[in-house]
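S.K.: Sharing a structure, written as structure tokens. Questions coming.
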Amino acid sequence: MKNRITELLGIQYPIIQGGMVWCSGWRLASAVSNNGGLGLLGLGSMHPEILEEHIQKMQVATDKPWGVNVPLFYPELDKVVDIIIKYKVPIVFTSAGSPNKLTARFHEHGIKVVHVIANTKFAKKCEEAGVDAIVAESFEAGGHNSPEETTTMVMIPKIREACALPLIAAGGIGSGKSIVAAMALGAEGVQLGSLFASSEESSAHQNYKDKVVEIGEGGTVLALKELGPVRTIPNNVIRDYNALLLGGASKDELRAFIGKGKAKKGIFEGKFEEGLYEIGQVAAQINAIKPVKQIMVELVEDYNTTLERLKNEPKF
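FYI, numbering that gives the first Met the number 0 numbers position 2 of the sequence shown as 1, with every residue one higher than the one before it.
This is how it looks when you write it as structure tokens:
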């Protein structure tokens with residue numbers, strides 16, 4: 000397939016692996032890139048020196064395009080930007096902040112910039128900022144989420160109408176069929192998180208991967224809305240948080256209870272009842288832990304089979 004996303008990013012398939020905390024190290028990112036998609040390192044759970052190590056390993060592990068996901072609230076942002084520029088990382092996905100913050104600087108160094116948004120207002124701001132493409136991430140997605148709770152079916156057509164930038168859909172996508180659906184809605188590429196988070200190459204703990212495979216429909220909740228919505232698998236942390244909330248706890252008290260490191264405890268250390276098991280709704284479709292190569296083959300085959308089936312469907 001060739002479209003604006005594949006040509007912009009230099010990839011075979013318009014499939015991007017989300018830069019997820021505690022999952023997206025060099026093994027996962029390089030495997031996705033080597034199998035025709037775009038792999039992203041997840042900066043959010045790396046110190047600057049760890050990012051540098053993973054960049055160096057990426058440069059050995061693949062000669063295909065790859066990138067780094069950069070949350071703009073990262074506490075040592077200047078350091079990691081310098082590292083990204085130093086190693087000539089070809090592509091950056093920015094999120095959780097204004098697209099104006101770093102786009103011009105990255106462009107000065109020949110780095111392509113894709114920004115993650117969740118509504119039409121910010122899609123237009125991305126156009127004004129001159130980013131190269133946007134990811135529209137919906138309510139179904141895992142991890143940190145938009146408070147607006149807009150679904151992919153609603154968000155993608157609205158943003159497509161309002162914005163001319165190359166558009167990548169994210170949230171609730173975990174099969175070739177859903178890629179076809181996203182394309183029909185107006186997207187030109189897709190970003191997948193949950194499917195790759197539970198892959199063999201993901202750096203997440205085995206307990207986390209097993210739990211993702213185990214849960215079914217309704218197995219995730221959008222929690223911590225008072226502090227910033229997070230889609231996760233419910234456990235004692237979420238139940239205790241909700242009990243504090245019902246008891247009238249202040250935001251400061253809630254923030255103190257959640258503290259730091261809950262995602263690491265859950266995703267990376269596999270301590271289910273002590274941490275956050277962030278994952279998207281599409282986890283209900285994941286029934287096995289697979290290598291990235293198999294995941295990519297199945298996505299492409301399912302996409303092509305679905306297109307063929309639709310050709311034979313009667314027109315209205």
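Quick reminder that beta carbons are idealized off the backbone N, C-alpha and C, glycines included.
Ignore the nearest five residues each way along the sequence and tell me which others in L253's own chain have a CB closer than 7 Å to its CB.
M.R.: Within the sequence shown, numbered from 1, the residue matching residue 253 stands at position 254. The answer, listed in chain order, is E225, L226, Y240, L243 and L244.
S.K.: If I follow the unbroken alpha helix (DSSP H) through S94, where does it start and stop?
M.R.: On the sequence shown, position 95 is the one that residue 94 refers to. From DSSP, S94 is part of no alpha helix (DSSP H) but of the beta strand (DSSP E) over I90 to S94.
S.K.: Hey, could you find the ends of the alpha helix (DSSP H) N33 is sitting in?
M.R.: As a working note, residue 33 is residue 34 in the sequence shown. Looking at the DSSP string, the run of the alpha helix (DSSP H) that includes N33 is W25 to N33.
S.K.: From R104 to S94, what distance separates their C-alpha atoms?
M.R.: To locate residue 104, count along the sequence shown from 1; it is residue 105. To locate residue 94, count along the sequence shown from 1; it is residue 95. Near 16 Å, if we compare the C-alpha coordinates of S94 and R104.
S.K.: Which stretch, first to last residue, makes up the beta strand (DSSP E) that contains E136?
M.R.: Taking the first residue of the sequence shown as position 1, residue 136 is located at position 137. Looking at the DSSP string, the run of the beta strand (DSSP E) that includes E136 is A132 to E136.
S.K.: I'd like to know if the region 122-136 and the region 163-183 are in contact, where contact means that at least 3 CB-CB pairs between them fall below 8 Å.
M.R.: Yes: the two stretches touch, three or more of their Cβ pairs being nearer than 8 Å.
S.K.: Would you give the residue range spanned by the alpha helix (DSSP H) that P156 belongs to?
M.R.: Against the sequence shown, residue 156 aligns to sequence position 157. T151 to A161 is the extent of the alpha helix (DSSP H) around P156.
S.K.: To the nearest angstrom, how far is the alpha carbon of V67 from that of S23?
M.R.: Locating residue 67 in the sequence shown gives position 68, where the first residue counts as 1. Locating residue 23 in the sequence shown gives position 24, where the first residue counts as 1. Roughly 10 Å between the two C-alpha positions.
S.K.: Assign G260 to buried or exposed, taking buried as 16 or more other Cβ atoms, counted over all protein chains shown, within 10 Å of its Cβ.
M.R.: Locating residue 260 in the sequence shown gives position 261, counting from the first residue. It is exposed - the Cβ of G260 has fewer than 16 other Cβ atoms within 10 Å.
S.K.: Starting from the C-beta of T305, find all residues in its chain whose C-beta is less than 6 Å away, skip the five residues before and the five after it, and write them out in chain order.
M.R.: Within the sequence shown, residue 305 is the residue found at index 306, counting from 1. Around T305: G175, K176 and V179.
S.K.: In or out: G279 buried (at least 16 other Cβ within 10 Å) or exposed?
M.R.: On the sequence shown, position 280 is the one that residue 279 refers to. Looking at its Cβ environment, which holds 16 or more other Cβ atoms inside 10 Å, G279 is buried.
S.K.: For the candidate residues K120, E213 and N2, whose alpha-carbon lies nearest to that of Q284?
M.R.: The sequence position of residue 284 within the sequence shown is 285, counting from 1. Among K120, E213 and N2, the Cα nearest to that of Q284 belongs to E213.
S.K.: By Cβ distance below 8 Å, which residues in the same chain neighbour K1 in space, the five residues on each side in sequence not counted?
M.R.: Numbered from 1 along the sequence shown, position 2 holds the residue referred to as residue 1. Result list for K1: empty, nothing under 8 Å.
S.K.: From the DSSP output, which residues share a beta bridge with L191?
M.R.: Along the sequence shown, one-based indexing puts residue 191 at 192. BP columns for L191 point to Q16.
S.K.: Any idea if L40 is buried or exposed, counting beta-carbon neighbours within 10 angstroms, 16 or more meaning buried?
M.R.: Residue mapping note: residue 40 aligns to position 41 of the sequence shown, counting from 1. Buried, because 16 or more other Cβ atoms sit within 10 Å of the Cβ of L40.
S.K.: Could you tell me which uninterrupted alpha helix (DSSP H) segments, each at least 4 residues in length, are contained entirely in the region 223-269, listed from first to last along the chain?
M.R.: Scanning the region 223-269 from its first residue to its last, the whole alpha helix (DSSP H) runs of 4-plus residues come out as 235-245 and 250-257.
S.K.: When you compare the CB of I278 with every CB in chain C, is at least one pair closer than 8 Å?
M.R.: Checking the listed chains, one finds no chain C in this structure; it contains a single protein chain.
S.K.: Could you say which of I266, E75, W65 and I49 lies nearest to A30 if we only look at CA atoms?
M.R.: Along the sequence shown, one-based indexing puts residue 30 at 31. Residue W65 is the option with its Cα nearest to A30.
S.K.: Sort out for me which residues DSSP pairs V220 with in a bridge.
M.R.: The residue you call residue 220 lines up with position 221 of the sequence shown. DSSP lists T231 as partners of V220.
S.K.: Is I266 closer than 8 Å to Y207 when the C-beta atoms are compared?
M.R.: Here residue 207 is taken as the residue at index 208 of the sequence shown, counted from 1. Here residue 266 is taken as the residue at index 267 of the sequence shown, counted from 1. Closer than 8 Å, so yes.
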